[in-house]
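Working notes, beginning with the structure itself.
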Amino acid sequence: MNTVSTYSMFLNAEESSLKVDFVSLKKGAMILRALNHKLRQQIVKLIDERKRITVTEIYVHLRLEQSVASQHLAILRRAGIVKTDRDGKFIYYSISTQRITQIMKCVDDLIS
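Going by my numbering, the first residue of the sequence shown is number 46, and it counts up by one from there.
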């Protein structure tokens, strides 16, 4: 095993050298962790059902504190799972189907 920097390393695979990028691994883990949380799964399901929804509608429907809903939405937004759209003073959340498709393709590749 050859180390290039603290952010990546090369593994000596049987046929060729394999670069492991720890920054990319950390980002990938963050995205999967964002979806691997029961409350965030409920939020994603609700957004998917409504197609376009405000944080107020989310916290009222799920009986949460506004700050809790906002924190979880921020995690989902950073992971690219939800996207926002401002309409006047309201911010609407919707599912990024393109991102979900990418995530599920990656997961399918990992488990198959």
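Glycine included, C-beta positions come from ideal geometry on N, C-alpha and C.
Check: Pick from R78, V65, L70, K150: whose alpha carbon is nearest that of R122?
Finding: Measuring C-alpha to C-alpha distances from R122 to each of R78, V65, L70, K150 identifies R78 as the nearest.
Check: Under three-state DSSP, which class holds I76?
Finding: Note: I76 maps to helix in three-state DSSP.
Check: Nearest CA to the CA of V100: which residue from Q111, D93, K90, E94?
Finding: Comparing Cα-Cα distances from V100 to each of Q111, D93, K90, E94, the minimum goes to Q111.
Next item on the list: Note down the Cα distance separating D66 from A74, rounded to an integer number of angstroms.
Entry: Each residue's Cα considered, the two are about 12 Å apart.
Margin query: If you reduce the DSSP assignment to three classes, tell me which class S139 lands in.
Written below: Secondary structure of S139 (DSSP, three-state): strand.
Note to self: Just to confirm, is the Cβ distance from I103 to L91 under 8 Å?
What the structure shows: Taking 8 Å as the Cβ cut-off, I103 and L91 qualify as a contacting pair.
Checklist line | Strand pairing of R131, partner residues [DSSP] | finding: DSSP output for R131 lists I136 as bridge partner(s).
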